[in-house]
């Protein structure tokens, strides 16, 4: 009778385990591949976060990540719950079996339907159960670590940007390109006691080109980052800060601001796509024609090189443009910035990391762009060859403007700009 009772409480754990193992193997394999693809996209976007933000590519990479990952987060959560239940049932069945057998055995012993040997077997079952409890307790430190990690992940997921890209006004009137800096102050969040800008003032008229020069750390690149609203300036009053066509950018939506700006950084990031797609990233608000892409490449003096490639504009550039030289990457970045036909062009040390030959090629493209276009240009540079095509040079020292004027006039005045130029040569 005991034997029959014991069999009645014995589940077929083998079937559960096989189902659990095979199902998890198939799912984990596919989920692993999707996870790897999603991580690759996320890594590319995070590594190139300034480029992504500058060109308003956040939604593109979010959608691409969702596509590569294959599942949205809520669905993935339910699958994890399902796998946890299956695994729990598979691992706990043997202990349910022991407990049920002990209960039935005790009843039979009281009825004197079993002997001492059977009682010994029941105690053996109890010992195995205790081992299971001990094994579970050994996972408590891991559970604590997992809980801590999960809390940090949830904090990141719940974090909201202090500068939402869509929050703010989007003026109906087109931006004309006038920029004004009024008593601009700024300190980086992690260095709040170190003022980078201390009352910077300057007005940039529409269609003009202005070069910002000065010693390293004086705040030149910071000014461009504030224009893009990567950071928020510390406005002393309502009349201080950065103004675009007379409107304080604190009241304007970052996405609208960036949609009017083209950016070329010192280390321009390209994505693991074709040349055509990388240039087209300059403006995702519309479907660019091939003629527009070619026109931008011609201005950037990269069209002839592209056409010399076997696949032309369909050539893959590799991860971060690894298949191209530094000069070629920079000229592609210029084409990407120009294809959106920006009202304001920001150039941040676009040639400083290049050798002499590549610098000449890129500088020719920049000079032609600056001198022949109607765009407003803000250029951060330290070489005379970079700034001589600009209408005005602004010397920044200690977070303030100490000198400004046409480059040749400043050289003749033998002031701050003359000293910087002499030191560089």
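In full-length UniProt numbering, the protein residues as written are 1 to 425. For each residue, glycine too, the CB sits at the ideal point set by N, CA and C.
C-beta atoms of residue i and residue j nearer than 7 Å
i, j, result
"residue 335", "residue 296", "yes"
"residue 180", "residue 251", "no"
"residue 60", "residue 284", "yes"
"residue 211", "residue 66", "no"
"residue 342", "residue 261", "yes"
"residue 268", "residue 330", "yes"
"residue 365", "residue 423", "no"
"residue 233", "residue 273", "no"
"residue 219", "residue 399", "yes"
"residue 339", "residue 282", "yes"
"residue 313", "residue 276", "yes"
"residue 68", "residue 99", "no"
"residue 101", "residue 125", "yes"
"residue 324", "residue 317", "yes"
Proximity to residue i [Cα-Cα], best of the options
i, options, result
"residue 176", "63, 245, 422, 41", "245"
"residue 172", "398, 274, 253, 311", "253"
"residue 303", "328, 318, 266, 123", "328"
"residue 46", "109, 270, 225, 149", "270"
"residue 174", "344, 160, 317, 121", "344"
"residue 443", "110, 231, 286", "The requested residue 443 does not occur in the structure, where the chain is confined to residues 1 to 425."
"residue 54", "350, 266, 225", "225"
"residue 182", "242, 259, 107, 293", "242"
"residue 105", "117, 122, 63", "122"
"residue 43", "319, 350, 92", "319"
"residue 266", "203, 379, 309, 307", "379"
"residue 227", "149, 309, 348, 305", "348"
"residue 48", "409, 333, 410", "333"
Residues bridged to residue i (per DSSP)
i, result
"residue 261", "344"
"residue 393", "211, 405"
"residue 378", "210, 346"
"residue 316", "274"
"residue 400", "397"
Residues near residue i in its chain [Cβ-Cβ closer than 6 Å; skip 5 each side]
i, result
"residue 23", "Low per-residue confidence applies at residue 23: pLDDT is 47, beneath 50, and the placement is therefore not dependable enough to give any value."
"residue 188", "none"
"residue 407", "387, 388, 393"
"residue 95", "129, 132"
"residue 75", "Only weak support is given to the placement of residue 75: the predicted model assigns it a pLDDT of 48, under 50, and the value that follows is read from those uncertain coordinates. Closer than 6 Å at the Cβ level, and outside the excluded window around residue 75, lies no residue."
"residue 27", "Confidence at residue 27 is low in this model, with a pLDDT of 48, below 50, so the placement of that residue should be treated as unreliable; the coordinate-derived value is given next. So no residue of the chain qualifies."
"residue 391", "208, 209"
"residue 70", "34"
Close Cβ partners of residue i (< 8 Å) along its chain, the five nearest in sequence each way excluded
i, result
"residue 207", "177, 374, 375, 376"
"residue 396", "200, 212, 213, 214, 218, 219, 220, 223, 402"
Contacts around residue i, its chain only, beta-carbon distance under 7 Å, and the 5 residues preceding and following it disregarded
i, result
"residue 222", "186, 196, 197"
"residue 413", "none"
"residue 229", "163, 249, 254, 257"
"residue 337", "262, 263, 264, 282, 345"
"residue 64", "41"
"residue 247", "171"
"residue 294", "303"
"residue 21", "Low per-residue confidence applies at residue 21: pLDDT is 45, beneath 50, and the placement is therefore not dependable, though the value from the model is reported in the following sentence. Taken in chain order, the list of residues that qualify is empty."
"residue 58", "52, 165"
Hey, which unbroken runs of the alpha helix (DSSP H) at 4 residues or more fall wholly within the stretch 30 to 59? 49 to 54
Ranges of the beta strand (DSSP E) found wholly within the stretch 201 to 258, counting only runs of at least 3: 209 to 213, 241 to 244
Let me know the beta strand (DSSP E) ranges lying completely inside the stretch 155 to 210, each 3 residues or longer, listed in chain order. 179 to 186, 197 to 204
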